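Q: Below is a structure I'd like to ask you about.
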Amino acid sequence: MALKTERMVLNMGPQHPSTHGVLRLELEIEGELVTKVTPHIGYLHRCFEKHCEAMMYNQVVPYTDRMDYLASMYNNWGYALAVEKLCGIQVPERVEYIRVIMGELQRIASHAVAVGTFGLDIGAWTPFLYLFRDRERILTLFEMTCGARLLYNYIWVGGLSHDIHPDFVRMTREFLESFKPTVTEVNNLLSYNKIFIERTANIGVLPLDTAINYGCTGPTLRGSGLAYDLRRDDTYSIYNKFDFNVITGQGLQGTLGDTWDRYYVRVQEMLESVKIIEQALDQLPAEGDVQSAIPKRIKPPKGHVYTRVENPRGELGYFIISDGNTNPFRVKVRPPSFVHLEIMDDLTRGHLISDIMAILGSIDIVLGEVDR
Amino acid sequence: MKTREEIFEILKAQFPDAVLGIDASLPTEPLISIDPLKIKDICVFLRDSEELKFDSLMLLSGVDDANGTKTKDEQGHDVITGGTLSVYYHLDSVYLKHRVTLKVSAPRENPDVESVSYVWRSADWHEREAFDLLGINFLNHPNLIRILMPYDWEGYPLRKDYKNPEFYLGMKVN
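From first to last, the protein sequence lines are chains A and B.
Letter by letter, the first sequence follows residues 1122 to 1493 of the numbering used here.
Letter by letter, the second sequence follows residues 188 to 361 of the numbering used here.
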């Protein structure tokens, strides 16, 4: 007699340790196999875009912190770039260098959380502890610079809120030296671990054309094998001065574009960020006022602008319409996590329920940014 | 790689009726205006044309232009009648590395825009968001329901004349 299965609906979340925030996944399952996933979002919706319309341009910066709270520096930076482009502000060179250093430190911190919690979801405890130990040191560097550990409000339109601490360069170099062995350790403990590979290789394969059609960017797109990085391909700030590689998935452990590939892109990108920071520290101009270009009053001309930056999760875009007033007429954010969450249904179909955590971890979403 | 002006010329030659014009006077990026009911055909052309190849939709954003007549109701809240709601499309070609911005405007009372979710899958959620927050009606969208606000919410929060509700499901708001 054939085994009789019945389609049933299972709710995962909104309170679930593996959903990385308040996300509800409505699973349609047949036995252990998933046939459909419907994400329900909006639990953290706080109308960021409506708030912006009631704020002056410089007052929006703290709100951007609270979107992708694991990469706040980058959110500040993207917003600042958009307003600077709208107003035609040139920032001093020292500011650009400090922004790159902070942005790349933030990328390491964010990838450390992504890689660590990804292992945690699958049942590997130890790498998470190593990575959080090192992320802690990055947060200390940030705290030393601007007083905050998570929500910085550091990169302002036209400049920075504070100059770096006299010890910052030395301590950052020390950190980078000690961080490189951690990556090797994570590789030995997690990346090439047989159990981990069994759980992630050939799971949630994302073909390249599907990824592009869905608008995927960042490690999710690069994991599918396309070397596309806005830092190189649509360069902003001073990224054209640095030498770094764009990491892509190779399909080393299974199919190209599987969960393992997306994970491994992040691990290697941390080392590329280390390379960028080292170069930036070498070239950092010694003197310069970081607040010299901050405008007293921001009143851009009528018009609109779309700028994008390579956030740790992908393309973070800000679309700002100005009607010539001191408040923005409309601010629209393109959050990478929002776009990536949409592919969940495609990636999970036909997999086991336990693979959903692996797939969700590998696209690395932050719900604060999905819901805004 | 093509400039926005070149892309406009190609589109204008292909769709003389549906492409309304280009606004290059803005300080930043030129904007191509399109008929809201022809946008899907134009997007299919932009995606499939060999020389353009716009394979990804970066961002789709709804905007309340607030260009109608403004009046006050008895409680002193703004009410806008007439004017338009707009949708901006930021397209990107991953391989050819050029970008273009399209804009459609639909009347505020009857904001019908053709859906492009069959052209780019990413448009699905972006269009749901524009529907949710601005009430733009995307024709032929597969699943046009609210996405960020609760499914039974009333009103469209990002409209410029949005009035906060006093109660939601019998609970006091604020």
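Even glycine gets a Cβ: it sits at the ideal position worked out from N, Cα and C.
Computed from a predicted model, the values in this text were never measured in an experiment.
Can you tell me whether DSSP reads Met1133(A) as helix, strand or coil?
A: The answer is strand: DSSP assigns Met1133(A) an E or B state.
Q: What's the call for Thr256(B), buried or exposed, on a 16-neighbour Cβ count within 10 Å?
A: So Thr256(B) counts as exposed.
Q: Quick one: what does DSSP say Val291(B) is sitting in, helix, strand or coil?
A: In the three-state reduction of the DSSP assignment, Val291(B) falls in the strand class.
Q: Between Val1204(A), Pro1328(A) and Glu1225(A), which lies nearest to Asp1379(A) when the distance is taken from Cα to Cα?
A: Pro1328(A)
Q: Helix, strand or coil for Trp307(B), going by three-state DSSP, please let me know.
A: coil
Q: Is Gly1134(A) close to chain B, meaning its C-beta is less than 8 Å from at least one C-beta of that chain?
A: no
Q: Find the nearest neighbour of Ile1285(A) within the set Glu1295(A), Ser1299(A) and Phe1263(A), judged by alpha-carbon distance.
A: Phe1263(A)
Q: Is there a C-beta anywhere in chain B that falls below 8 Å from the one on Pro1206(A)?
A: Strictly speaking, residue 1206(A) in this sequence is Lys, with Pro absent from that position. Closer than 8 Å: yes.
Q: Starting from Pro1248(A) and walking both ways along the beta strand (DSSP E), at which residues does that stretch end?
A: That residue, Pro1248(A), is in no beta strand (DSSP E); its alpha helix (DSSP H) goes Thr1247 to Cys1267.
Q: What separation, rounded to the nearest whole angstrom, lies between the Cα atoms of Asp299(B) and Leu1468(A)?
A: Cα atoms of Asp299(B) and Leu1468(A): separation of roughly 32 Å, rounded to the nearest angstrom.
Q: Alpha carbon to alpha carbon, how far is Glu1225(A) from Ile194(B)?
A: 36 Å
Q: Short of 7 Å in beta carbon distance, which residues of its chain neighbour Glu1399(A), apart from the five on each side in sequence? Order them along the chain.
A: Correct list, in chain order: Leu1297.
Q: Report the three-state DSSP secondary structure of Trp1277(A) (helix, strand or coil).
A: strand
Q: Please list the residues of the region 1311-1334 of chain A that have a C-beta atom closer than 9 Å to any C-beta atom in chain B, keeping them in chain order.
A: Asp1330, Thr1331, Ile1333 and Asn1334
Q: Candidates Asp251(B), Asp252(B), Ile267(B) and Val250(B): which alpha carbon is nearest Thr258(B)'s?
A: Ile267(B)
Q: Note the first and the last residue of the continuous alpha helix (DSSP H) segment covering Ile229(B).
A: Taken as a continuous stretch (DSSP letters only), the alpha helix (DSSP H) holding Ile229(B) covers Ile226 to Asp235.
Q: For Val231(B), count neighbouring Cβ atoms within 10 angstroms of its own Cβ and tell me buried if that reaches 16, exposed if not.
A: exposed
Q: Nearest by alpha-carbon distance to Met245(B): which of Met1265(A), Met1133(A) and Ile1333(A) is it?
A: Ile1333(A)
Q: Please report how far the alpha carbon of His1425(A) lies from the alpha carbon of Thr1338(A), in whole angstroms.
A: 23 Å
Q: In chain order, what residues of the region 1401-1432 of chain A put their CB closer than 9 Å to some CB of chain B?
A: Cβ contacts with chain B come from Pro1421, Pro1422, Lys1423, Gly1424, His1425, Val1426, Tyr1427 and Arg1429.
Q: Please list the terminal residues of the continuous alpha helix (DSSP H) segment that includes Gly208(B).
A: Taken as a continuous stretch (DSSP letters only), Gly208(B) belongs to no alpha helix (DSSP H), being part of the beta strand (DSSP E) at Val206 to Asp210.
Q: To the nearest angstrom, how far is the alpha carbon of Asn1132(A) from that of Leu1154(A)?
A: 14 Å
Q: Reducing DSSP to helix, strand and coil, say where His1425(A) ends up.
A: strand
Q: In terms of residue numbering, what span does the beta strand (DSSP E) encompassing Tyr276(B) cover?
A: Thr271 to Asp279
Q: Do Asp252(B) and Gly270(B) have their beta-carbon atoms positioned less than 8 Å apart in this structure?
A: yes
Q: Please confirm whether Tyr275(B) has its beta-carbon closer than 8 Å to some beta-carbon of chain A.
A: Chain A has a Cβ within less than 8 Å of the Cβ of Tyr275(B).
Q: Tell me whether the region 1386-1404 of chain A and the region 1220-1239 of chain A touch, counting them as touching only if at least three CB pairs, one residue from each stretch, are closer than 8 Å.
A: yes
Q: With three or more beta-carbon pairs closer than 8 Å as the criterion, would you say the region 1365-1377 of chain A touches the region 200-211 of chain B?
A: no
Q: Determine whether the beta carbon atoms of Val1216(A) and Ile1397(A) lie at a separation below 8 Å.
A: no
Q: Counting only Cβ pairs nearer than 7 Å, list the residues of chain B close to Arg1455(A).
A: Neighbours of Arg1455(A) in chain B, taken as residues at a C-beta separation under 7 Å, are given in chain order as Met245 and Leu246.
Q: Within this structure, are the beta carbons of Val250(B) and Ser220(B) separated by less than 8 Å?
A: no
Q: Are the beta-carbon atoms of His313(B) and Leu247(B) separated by less than 8 Å?
A: yes
Q: Tell me which same chain residues have a C-beta within less than 6 Å of the C-beta of Ile226(B), skipping the five on either side of it?
A: Val291 and Glu301
Q: Looking only at DSSP bridge pairs, what is Val1430(A) linked to?
A: Under DSSP, Val1430(A) shares a beta bridge with Leu1437(A).
Q: For the beta strand (DSSP E) containing Asp251(B), list its first residue and its last residue.
A: Ser243 to Asp251
Q: State the Cα-Cα distance for the pair Leu1144(A) and Glu1408(A), rounded to the nearest angstrom.
A: 46 Å
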